[in-house]
Every structure is written in structure tokens, then in C-alpha cells.
Amino acid sequence: MKKIISMRNMSDKQAGIVTKVSVSGEMGRRIRDMGLVKGTRIQITGRAPLYDPVAIKVRDYTLTLRNNEADFIEVEVDDGEKE
Amino acid sequence: MMEKKSDKTIKIALAGNPNSGKTTVFNNITGAHQSVGNWPGVTVEKKSGLVKYKDREIEVVDLPGIYSLTAYSIEEIVARNFLIDEKPDVVVDIVDAANLERNLYLAVQFLELGIPLIIALNMVDVSEARGITIDVKKLSEMLEIPVVATVARSNKGTSELLDQTVKLATDKKGWKPANLCYGGDIITGINDIEKLLGEKDIYSNKYPKRWLAIKSLEGDQPILDMIKKDEAIGQECSKICEKINKHIKITLDQDAESLISDYRYGYIVGITKEIVKRKKESRLYLSDKIDMVLTNRILGPIIMLLVLYGIYEFTFRGSELPVIWFEKFFELLSTIVSSILPESIFRSLIVSGLIDGVGSVLSFVPLLMFMFFAIAILEDSGYIARIAYMMDRVLRWFGLHGSSVMALIISGGISGGCAVPGVMATRTLKGSKERIATMLVLPFMNCGAKLPVFAILIAAFFAKNEAMIMFLLTLLSWFFALIAAKLLRITILKGPKTPFVMELPPYRLPTFKGLLIHTWERTWMYIKKAGTVILAISILLWIMMTFPRLTQDKIDSFNEKKETLIQEFLSIPEVNKIIGNGQGIVAFDKYYDLYAQGSEKEREIVTAYDKVKRGIDKIGYDEQSAALEGSFAGIIGKALTTLTNPLGFEYRTNIALIGGFAAKEVILSTLGTAYSLGEGVSEEPEPLSVKLQKEPGWNQLTAFTLIIFMMLYVPCFVTVITIKKESNWHWALFSMLYSLVSAYVVALIVHQAGLFFGVGF
């Protein structure tokens, strides 16, 4: 079973496919410039000491973004299962 | 500027993502022939170099590291304007082979612009070590541009890159914008706008029309504004964009802008599928393994503290000796100049004004070099991004950004440091409000120049708890800086938070050459400042502390007092006997050691001699003190006492604080002069701390108030100048004003509360 959740709610090490980046303007442009577009595979690789920002693996490099920025990104993940 | 230059010189621009090794490529090509400056009107660093390659002269301009060609950041705008306005012969795009897809995103945008492009596929060694093979030839064929594999770190591929660059520049094929395959809606939009723009010929010389069309659909503000200059076209263009956007919204629930980047990445993935072969699917690289420890939620912060502590140990221990050498050098220079020049106002200007003033600033050079070197290691290794990542959440509470933390630490966040490199380190924050806020609160940190002044006061009044008070002061400086940042961010610097979306670059071993270049660039910037602004201010302060001079009557009366002492000594019969009539007191010097070991009577003479010497010193200091009191600085200092009395400062403290504007360590020497002491020639000179303890009006409360005041008041003027350079005069002046007011208010509260509760007596 697949389900779509926001990136903030992904658990550690969980991987998924970006289905939507629901922010426009500078923030959206910035996110897309860094390679987070529809269809991109990502994986959570770590979180900062206070659980925010979050580090993800995308297109073979590590990207960090704040939780409230991760809110804009919807990801399709395997339901219940962790990779 | 020879005429020959124009036809033989090739102008190339180096472009690429941050961390793609662009700087290393630049260093490889230009070697020592580079100059550093700023792009006009902005605080983005511009590096360029002119080199001879074979029989061609090549001018290399290093564009700022960027991810895209939008108008998202100043860097992107700078790069874009350069390409369009200056039309370099070739753009060399440095592409990180180990991070191919995201790096190609920029390359694709260059292709769309149509500028002659060559790709340096850099760090192929890293990608190969990761089991990734890239078909360079196929990449070149698919993009229809030359691609050269390089390993910049070990300078591999540089000459082939230059050969290809020269070849491409000589071909003069001109600009050929690539037509990327966008979906139906987008293509319709692009074609419509291109046609619209084609009807008029106003932009066509400078900009490829198709590119303008794409940018319009992307909602690129500077381009839209430019198109709007022709009202009719502007309106028509907006209409087209609106229509397309509306349609895409309905059919795909997206906007044109995001759809365009989807297509670009789609195109890139299409290419990488063809040219990239992976041996293993493992995505956990060495760098990721290091991160599992270094950014671990518990271990990470601990290691970070250790690293930061290590930097301080390295900087302060390492530079201890060289700083002393520098100080000794300037002392020696003072002494030599003093002995060559006859005593005059001119000598005083040269020695006290120029050498002491500039010397005190230049003495910091070794310390800064060590600091810059350490920072360069953090930057080049990629660790600095991790610090920002780990600290962002905390700093965000106070309206700052994760990237602020490094600047705060450099400025003295652990104690010791310097706000000048600190202000420069805020560059990573780009043009944001967080950057200005960080810049404004940095000077509250306890920099290396404040520390000796604190140390003396603590030694004098808090001898029992030295370490604890020092630690308390570090905490207080963070407290004030963060509170001030919060206040600034909810008042005059109110604004949205800068996105954090940031790359954690893979860890890399810095190259020694790279570190040296970084260190030297920054040090040189500091030295240049010492040679210009600091020189001027030193002279100004010297004038303030020297003029108006004592009247001749007063000078005479001090000389008279000295003469009386000397005559008293010379009139002792035994003294007269051994050195004879008509000799000065110095004539006794050669008998001094002999008499000091002689009979009781002879030793008495030595004691008397010492007394006279001390007396003369004392009169000398009194004279200096009187001169200072009568000088402009003294007059100002006295005039300020009405203001500073509630803080418990007297006029001599005020003078020292005025001097502290030149450099905080000047407070110490000025206090020394003002309190009639210093490095006396006489035996047992009283240290400043002892002297202050004895002064009436000085107690723990005064000392603590003064420390707090010094922590917060006006940044030293080198910092102010740096703030001006990194922002503008407006903020530089504001920084002086608001910190002075903060210092006054806080010190007033501390002192009055202290008096009220009766502490510190």
C-alpha cells in the first residue's frame, strides 16, 4: 500500500517519491532548484539535535531543510513499512 | 590596456554550483595572477585573473557559486547580468561528477541562454570511487558542447580544459540557445511570447528572445519588469502567462514555473540514464558515514563544541609568539624612530600617532591569520554547513539563521575572536535581514581586544573568582547578542525567515594551497584597511589626545620640579665628589652597580638615586596626565561626566572609552596613561590593577559596570568600517548608535541596581 504524507511526517531512514511541491515564489523556486521536483526519490538521513532541520538524500547529495519547509513537500511512501 | 589585448585576449567566465570545486579550478588556471574585489554595488566577492596560455591571453572571471539562473539571490543576478552584459567568449561550467543531476540543472540553463559553453566534469575521481562511471563522450554528444573530465584537486585536465576553451572561443560560433522539449502548454506559451517580443527589436541584441520568453513564464521579476517597459508588450505578455498558468493549474494543479523545472530535471534524468553507470546501488558514502557521527543528535553538539574549542586553542596558542614578535617589532620601531628624531611634536605624531596606532592594529595580523586559516579548514572541509544545520533551530528562536552561528563564534562567542572577520563571515547569509541582524549583534561578543581589559579589571576586583567571572561574561555576551537580535528582528529588521534549504556538501580534505589562498585573501583585506582608514583614525585620536598642549608655564613648572630633585641628589657631597661638577645625573649610571654592592653609605646613595629616578618618573606621568586632562579628549571626557556619573565612571575612564573606539585594547593603554602609570623605568612599578584598587571611586561595582559597558558599547571603528563595506553607511552608523544606547542603558541599570542593593563595595 502506498500513501502520500508530508515530508515532515516521514520517519528516520524512510524513503519515498516526491509527488508535489505545494509552494510557489522564492521558497518553491529554491526547493526546485535544489532538485526536489515531482518524481524525485528522497530518503530521510538525519535530523538536527532539536529534531529540526531535517537532512535528506536527494539526487546523490545531502540536502537540509526546516520542518516548516518540508511541510510543502508531499511524498509517496510505503504504508507502515520502512525501508 | 594595449590595443592588442582586445583581439588576442579571450574572456572566460567560470560558473558552477557551490562546492563544485570551482575555486580550485580558478586557482589552477590563474595561479598567483588573481585579484579580488567586489562586484559593483553588491558585497559579492569578485575574483578575476589574467593569464597567458600558449600565445593567448586569457581573462578569467570567477562567477559566484550558484544553483540556478533565476533571480533568487544576488549571486544569481550578478552572474546572469555579467553573462548578458559582458558576453564572455566562453562560459566554463564546473560540474561535480559525483552530484551530476543537480549540477546539470545549471548547465541546462546556460544552454537555454545559448552562451558558448564548455563543461568541466570535475571530481571524476570521487564519482569513480563511488562506483559511478560517466560516459564523457556521450555527454558531450548529447549536449552538443565540449566536455572535459577534470580532477581540480590534483590539477588534472586543466590544460585540456584550456585548449578546448581557446578552441571554442576562436571558433566564434556565437550564441545558440538550445530548445528544450517542454510540454504542449509551455511550448505554446514560449512560442507566443517569443513571437510577441519579435515584433519589436528592443531586446533582441542583448537577450535571446526565447530565453526571455521562458523567464517570463517562470515569473522572473527583473525580466518581467524589463519587458513591461513597453506597456503594450508587457500587458500582452502578462496575459499570455496568465492564460498558460491558469490552464496548467486546471489540468495539472501546478504552475508554469514548477512545470518548467520538472521538464528540465526530466531532460537531465533522461541524459544521465544514458551516460551514467552504477556498479553498486549503495547510496551510503563515506561522507554519510562521517555524518552519522558528526551530526548525530547527541554526539554532534559535543563534537562541535570540541572543534570550536580546538579552533581557539589553535588560534590563540599558535599566534601567541608571532603576535609578540609583531608587538616587539613595532616597539623597536618606536624606539629607533624616537632615538633618530629629535623630540618634537612631529616625533610624537610619528611614534604615538602612526607607529603605535597602526602597530596596535597590525599586531593582530598573526592572530587573524591563524583564525582565518582555521575557518578556511572548516569551510573547505564542509563542516561549517553542519554547524549551521545543528544550530539553526536554536538561533531561529532569536530571529537569526543557522549560518549566523559561525560569525558569532568568530567574533568571540567562546571568548577571544574578532568582529571584523565575523562581519565578513556573515556573507553566507546573503542579502537577508538575518544577515544585518547578525552583523549588528556580533560586536557584543567578547573579542580578543576586550579580553585583556576585562582580565585586568577582574584581577583587580574579582581576584577570587576570575575563571567564573570570565565564564559569566561569555554567557552574558551571548545573552545580550541574542536578545538584541530578537528585538531587532521584531522591530526594524522585521521580515520573513530566510529559507534554510541548504546543501550539506560531502566532507573533503582541504588542500593546503587552497587554505593558504583563503587565509591570505582575508588577511590582506585587513592589512589594506590598516594602511588606510586605521591610519587616518589613529592620527585623529592622537590629535585629540595631544592638543591643546600644556602651556609653556606648566611645562616649565614640571621641569623645575624635576630639576629640583636632580639638584638635591647632585648636591650630596659624595655624589659631587665622584661625578664632578657640571655633570648630569646620568653620569652616576656607571657607578650604580658598584655602589649597590658597596658599603652602607654607598648603598644609601643608590637608594637616593632610585628615589630621584622614581620622582622624575612620577612627575613625567603627572605631566602626561595633566596634558591628557587638558587635551580635547580630556575636555570631552570631563564634559561627559554628567552622563557617566550615574554609571560610576569618572573622566579618565571616559577618555579611555573614547580611545577604545580606535581599538578596544587602547582602553588599557589609555587607562594606564590616564592613571599616571605605565611601564615605568623605576623599580616596583605598580600594576594597573593594583593602582585601580587604590583609586577612590573604584570598587567591584564600578569595575563590573565598566566591563558590561565595554562589552556592549560602540564597536571598534575597524568593525564599523567593515559593517559599512558589507552593508552600507546607514547600518554602520546605526550599529554605533544603538550599541552605545544599549551599553548605556544596561550599564545604568547594573550600576543603579548595584547601588540600590548595596552590592560591590
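Respectively, the protein sequence lines represent chains A and B. Just so you know, the working numbering puts 65 at position 15 of the first sequence, and the rest follows in order with no gaps. Just so you know, the working numbering puts 1766 at position 676 of the second sequence, and the rest follows in order with no gaps. Where is the CB? At the ideal position from N, CA and C, for every residue including glycine.
What is the residue span of the alpha helix (DSSP H) that residue i lies within?
i: Asn1666 (chain B); result: Pro1663 to Ile1669
i: Ser1249 (chain B); result: Thr1248 to Asp1261
i: Gln1673 (chain B); result: Gln1673 (chain B) -> no alpha helix (DSSP H), and no H or E assigned at all.
i: Asp121 (chain A); result: Segment: none, Asp121 (chain A) is in no alpha helix (DSSP H) and carries neither H nor E.
i: Asp1352 (chain B); result: Ala1346 to Ile1365
i: Gly1512 (chain B); result: Ala1509 to Ala1515
i: Lys1299 (chain B); result: Lys1299 to Leu1307
i: Val1810 (chain B); result: Phe1807 to Glu1816
Please check the pair residue i and residue j, which I expect to be a contact at CB under 8 Å, by giving their CB distance rounded to whole angstroms.
i: Arg1486 (chain B); j: Met84 (chain A); result: That belief does not hold up - the Cβ atoms of Arg1486 (chain B) and Met84 (chain A) are roughly 20 Å apart, past 8 Å.
i: Ala1698 (chain B); j: Ile1656 (chain B); result: With a Cβ gap of about 11 Å, Ala1698 (chain B) and Ile1656 (chain B) do not count as contacting.
i: Ser1817 (chain B); j: Ile1526 (chain B); result: 6 Å
i: Glu119 (chain A); j: Val1591 (chain B); result: 6 Å
i: Leu1207 (chain B); j: Ala1187 (chain B); result: Not confirmed; about 17 Å, so no contact.
i: Met1634 (chain B); j: Ala1557 (chain B); result: Not quite, the Cβ-Cβ distance comes to about 37 Å (not below 8 Å), so this is no contact.
i: Tyr1479 (chain B); j: Leu1389 (chain B); result: Contact flag wrong, Cβ pair sits at about 14 Å.
i: Ile1313 (chain B); j: Lys1319 (chain B); result: Not a contact, Cβ separation roughly 11 Å.
i: Val125 (chain A); j: Val87 (chain A); result: That belief does not hold up - the Cβ atoms of Val125 (chain A) and Val87 (chain A) are roughly 12 Å apart, past 8 Å.
i: Met1800 (chain B); j: Val1543 (chain B); result: 6 Å
i: Val104 (chain A); j: Asn117 (chain A); result: 6 Å
i: Ala1259 (chain B); j: Asp1145 (chain B); result: In fact, because the Cβ distance is near 13 Å, the residues do not count as touching under 8 Å.
Roughly how many angstroms lie between the CA atoms of residue i and residue j, to the nearest whole one?
i: Gly1770 (chain B); j: Asp1707 (chain B); result: For Gly1770 (chain B), the predicted structure reports a pLDDT of 38, less than 50, and the residue's modelled location is therefore unreliable. A value from the coordinates is still provided. Between Gly1770 (chain B) and Asp1707 (chain B), the C-alpha separation is close to 7 Å.
i: Met1535 (chain B); j: Tyr1597 (chain B); result: 29 Å
i: Ile1629 (chain B); j: Phe1416 (chain B); result: 21 Å
i: Val1241 (chain B); j: Pro1108 (chain B); result: 16 Å
i: Met60 (chain A); j: Arg1243 (chain B); result: 38 Å
i: Asp62 (chain A); j: Lys53 (chain A); result: 17 Å
i: Glu1713 (chain B); j: Phe1648 (chain B); result: 7 Å
i: Ile1617 (chain B); j: Ile1174 (chain B); result: 35 Å
i: Val71 (chain A); j: Val1383 (chain B); result: 31 Å
i: Asp1152 (chain B); j: Leu1830 (chain B); result: 40 Å
i: Ile1280 (chain B); j: Ala1303 (chain B); result: 5 Å
i: Ile1580 (chain B); j: Thr1601 (chain B); result: 42 Å
i: Leu1532 (chain B); j: Ala1571 (chain B); result: 7 Å
i: Lys1329 (chain B); j: Ser1522 (chain B); result: 32 Å
i: Val1840 (chain B); j: Thr1795 (chain B); result: 6 Å
i: Phe1807 (chain B); j: Met1826 (chain B); result: 9 Å
i: Lys1266 (chain B); j: Ile1167 (chain B); result: 21 Å
i: Glu1773 (chain B); j: Lys1701 (chain B); result: Unreliable placement is indicated for Glu1773 (chain B), whose pLDDT of 40 sits below 50; the coordinate value is still reported in the next sentence. So the two alpha carbons sit approximately 10 Å from each other.
i: Phe1659 (chain B); j: Tyr1685 (chain B); result: 15 Å
i: Glu1147 (chain B); j: Val1181 (chain B); result: 16 Å
i: Ala1752 (chain B); j: Leu1631 (chain B); result: 8 Å
i: Glu1433 (chain B); j: Leu1791 (chain B); result: 42 Å
i: Phe1436 (chain B); j: Phe1419 (chain B); result: 21 Å
i: Phe1454 (chain B); j: Pro1638 (chain B); result: 31 Å
i: Ile1500 (chain B); j: Thr1588 (chain B); result: 22 Å
i: Phe122 (chain A); j: Met57 (chain A); result: 8 Å
i: Arg1742 (chain B); j: Tyr1162 (chain B); result: 52 Å
i: Ser1715 (chain B); j: Leu1802 (chain B); result: 27 Å
i: Met51 (chain A); j: Tyr1399 (chain B); result: 50 Å
i: Pro1154 (chain B); j: Lys1112 (chain B); result: 9 Å
i: Trp1819 (chain B); j: Thr1528 (chain B); result: 16 Å
i: Lys1703 (chain B); j: Ile1726 (chain B); result: 33 Å
Name the two residues that bound the continuous beta strand (DSSP E) containing residue i.
i: Ala1723 (chain B); result: Counting along the chain, Ala1723 (chain B) falls outside any beta strand (DSSP E), though it belongs to the alpha helix (DSSP H) covering Phe1722 to Ala1729.
i: Met1213 (chain B); result: Counting along the chain, Met1213 (chain B) falls outside any beta strand (DSSP E), and DSSP gives it neither H nor E.
i: Gly1106 (chain B); result: Thr1099 to Gly1106
i: Tyr1143 (chain B); result: Glu1135 to Tyr1143
i: Asn1128 (chain B); result: Gln1124 to Asn1128
i: Tyr111 (chain A); result: Tyr111 to Leu115
i: Thr1223 (chain B); result: Ile1222 to Ile1224
Inter-stretch contact (C-beta, 8 Å, three-pair minimum) for the segment 1270 to 1289 of chain B and the segment 1244 to 1258 of chain B: no
Are the segment 1360 to 1371 of chain B and the segment 1465 to 1478 of chain B in contact at 8 Å, needing three or more beta carbon pairs? no
Are three or more beta carbon pairs between the segment 1339 to 1357 of chain B and the segment 76 to 83 of chain A nearer than 8 Å? yes
Determine, using beta-carbon pairs with one atom in the segment 1797 to 1814 of chain B and one in the segment 1507 to 1514 of chain B, whether at least three such pairs fall under 8 Å. yes
Just checking, does the segment 1607 to 1617 of chain B make contact with the segment 1451 to 1464 of chain B on the three C-beta pairs under 8 Å criterion? yes
Mind pulling the alpha helix (DSSP H) runs of 4 or more residues that sit fully within the segment 1440 to 1512 of chain B? 1446 to 1452, 1455 to 1471, 1473 to 1487 and 1494 to 1498
Those runs of the beta strand (DSSP E) which lie wholly inside the segment 58 to 107 of chain A and span at least 3 residues: 65 to 71 and 91 to 97
For a minimum of 4 consecutive residues, which ranges assigned as the alpha helix (DSSP H) are wholly contained in the segment 1545 to 1618 of chain B? 1556 to 1580
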